[in-house]
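Residue numbers (our numbering): 1 to 243.
All C-beta atoms, glycine included, are put in the ideal place defined by N, C-alpha and C.
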Ligand SMILES: [Zn+2]
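Shown next as structure tokens:
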């Protein structure tokens, strides 16, 4: 289970021990998501980058094995091309872009956490491209991303492509589930259900849970990760008991 869960950045998705962790192992439950990058976008970014830093000729692998540990350490940084924050201290801030750049890269500005605005780098190169004095403008970083992804794409076998497509299908289901159950405000929504011996839940959130349960039931599951599917099935049963 853990192996499958790690692949998606998800821990056992029962309603109580629930749900998403980030790749550093921090739970999202009880607080807001540290990032609005979806699970599917994150998986797609890692797949398309091949797990290597995109900076030209860096070739650093971003999952490093550790002696004696089951899991690799993630040393990759998911960098925003048009920066997430609007600050003169960060390269490619919206306010620092020229009118032509704003026009050319309007879609990146509008969807800051989207796949097209993200590039995977090692820690060193993430700092270099984000240094406003280093000269990495939007066009240059987009070109770096595209060139790296094209190189990696040429190396992917048909079997790998099929496996990657399945990963993305599961990731899309996880995103849909996460949105429907309101995972980023889990504590607020569902904390009172079992908190003080007087179970209660807002009608709106109960309705969301019911809709999430129906939605889960109607998914077409790929069938290649039975343990993950079983965990979601468990979630559905628990949600059914609640609603
Ligand atoms: Zn690098």
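- In this structure, residue 187 has its beta carbon at no less than 7 Å from each heavy atom of ligand 1.
- As the crow flies, the alpha-carbon of residue 74 is around 35 Å from that of residue 193.
- The closest CA to that of residue 229, considering only 171, 39 and 130, is found on 171.
- Of the heavy atoms belonging to ligand 1, at least one sits nearer than 7 Å to the Cβ of residue 58.
- Within the stretch 124 to 186, the complete alpha helix (DSSP H) segments of 4 residues or longer fall at 138 to 155 and 158 to 181, listed in chain order.
- Here residue 133 is exposed. Its C-beta has fewer than 16 other C-beta atoms within 10 Å.
- With respect to residue 222, residue 166 sits close: the two C-beta atoms are nearer than 8 Å.
- Secondary structure of residue 80 (DSSP, three-state): strand.
- For the pair residue 157 and residue 164, the Cα-to-Cα distance works out to about 10 Å.
- Look at the beta carbons and you see the stretch 135 to 153 not touching the stretch 59 to 71: under three pairs across the two are nearer than 8 Å.
- Distance from the C-beta of residue 136 to the nearest heavy atom of ligand 1 is not below 7 Å.
- Between residue 146 and the set 116, 95, 216 and 160, the nearest pair of CA atoms involves 116.
- At least 8 Å separates the beta-carbon of residue 57 from that of residue 66.
- The C-beta of residue 211 has fewer than 16 other C-beta atoms within 10 Å across all chains shown, which makes the residue exposed.
- Proximity to residue 236 across 225, 208 and 224 peaks at 208, based on C-alpha coordinates.
- For residue 206, no beta strand (DSSP E) run applies; the uninterrupted alpha helix (DSSP H) run containing it begins and ends at 203 to 217, by DSSP.
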